[in-house]
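What follows is one structure encoded as structure tokens, with my remarks underneath.
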């Protein structure tokens, strides 16, 4: 994070704008909307700037800029067409430790004026750090289309009732769950429909009811790594969770999308190193939910495809714990797509099989005779340590030694590394390519299409 976003109270504070043209007018108008006491420094004012100054009873200094113009200023904005003047304003302001913004010259700024979505008391600020104000404005327009028109009225109602509810519900955790329940129910829709009195009555009535804190577990697939592949429902539940149990395969980029104040517990496993036994994870899910918490069980890929999600919700069902399951894009689908490998193709593969490559009792117990056939695609999860056995078994059961194989490391992410060779040579190739877990192995003629279809790597 290059800059710290803050919301500054400038009501009644002296704020200096240097410049009298259209750009200065926009900045002065913004400050006036925030209740600032305007001080405009410019030899000449445009008609609209002059009208604004008259309307806001602004102090106008009709001279060239001098450092004394900054006396007692809370902040200053330079918006002239003179680089020399703008530089002088920046130097003078910084010498006095006054925050300064120079329009379109981020190197002279100590703060940046963001693009703003104003639905007061809701304010949303968007900044590109000076890299592209046009991009920031584009994001602003997108956000404006997503916000309900009367969200300002909802915020005002919640502010009005905040202290009242605080006296009725003493526990911070219970109060947090109460407000979440309010916002997730139909009360916001009442406000948006203009029925604020009914919404207020509902909130007050619900606050008087005894709390029945009952937890819930969300079993959510985080997909193969790229955070843009998260589903909308996954994101919504990630923002609701009080506590998160996450695996090794969940990327840091995805963890950054969790609710900032959620407790995060790592329960990841690696080959031969089960940091937290599955039985303990199951018990933790039950215990945390029984404490009334919203528990997010976040798993890489899809929780029902080699994710042991079925075992976890069996435990929850037996304990009478409410749960939801959100599927995710499984590694075979996501990694193959980002590697430019279609899992099925009318000319090469009429079926695809998802298989575990996990070694058990010195082997990988699968029906190798069936898997060695043509016109199919094999996707092995957790198979890097068992690659020797996989190759030997497929060759022993008649698979063509020239069959293309891809081993994909950290698929769908910018760290993606793909090693491609034949069934006979792939074990040597992954050493050359320095492939490390986590990986997905794809065996089949479709791998030969990667050279033509590699859209992500290219």
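In full-length UniProt numbering, the protein residues as written are 1 to 458. The C-beta atom is built at its ideal place from N, Cα and C for all residues, glycine as well.
Excluding the 5 residues flanking it on each side, residue 253 has same chain C-beta neighbours closer than 6 angstroms at 227, in chain order. When beta bridges are read from the DSSP output, residue 355 appears opposite 380. Taken through DSSP and simplified to helix, strand or coil, residue 323 comes out as strand. In this structure residue 22 is exposed. Its beta-carbon is surrounded by fewer than 16 other beta-carbon atoms within 10 angstroms. Residue range 172-184 is occupied by the alpha helix (DSSP H) that includes residue 173, with no beta strand (DSSP E) assigned at that position. Here residue 409 is buried. Its C-beta has 16 or more other C-beta atoms within 10 Å. Distance check between residue 48 and each of 147, 161, 367 and 27 places 27 closest, using alpha-carbon atoms only. Under the 10 Å beta carbon count, residue 350 is surrounded by fewer than 16 other beta carbons and is classified as exposed. Relative to residue 67, the option among 59, 91 and 124 whose CA is nearest is 91. In the DSSP assignment, residue 308 falls outside any alpha helix (DSSP H), carrying neither H nor E. For the options 392, 286, 367 and 249, the alpha carbon positioned closest to that of residue 269 is the one of 249. Straight-line spacing of the CA atoms in residue 282 and residue 316 works out to 8 angstroms. Around residue 102, the same chain offers 78, 86, 90, 108 and 109 as residues with beta carbons nearer than 6 angstroms, after the five sequence neighbours per side are excluded.
Taking residue 310 as the centre and dropping the five residues before and after it, the same chain places the C-beta of 304 closer than 8 angstroms to its C-beta, in chain order.
In the DSSP assignment, residue 133 falls within the alpha helix (DSSP H) that extends over 133-146. In terms of Cα proximity to residue 114, the closest of 129, 258, 434 and 347 is 129. Nearest in C-alpha terms to residue 375, of all of 352, 442 and 339, is 352.
Short of 6 angstroms from the beta carbon of residue 111, and not among the five residues preceding or following it, lie these beta carbons of its own chain, in chain order: 99 and 101. Judged by pairs of C-beta atoms under 8 angstroms, the segment 146-161 touches the segment 118-126, as three or more such pairs exist. In this chain, residue 411 is not harboured by any alpha helix (DSSP H), its DSSP state being neither H nor E. Taking all protein chains shown into account, residue 280 has fewer than 16 neighbouring C-beta atoms within 10 Å of its C-beta and is therefore exposed.
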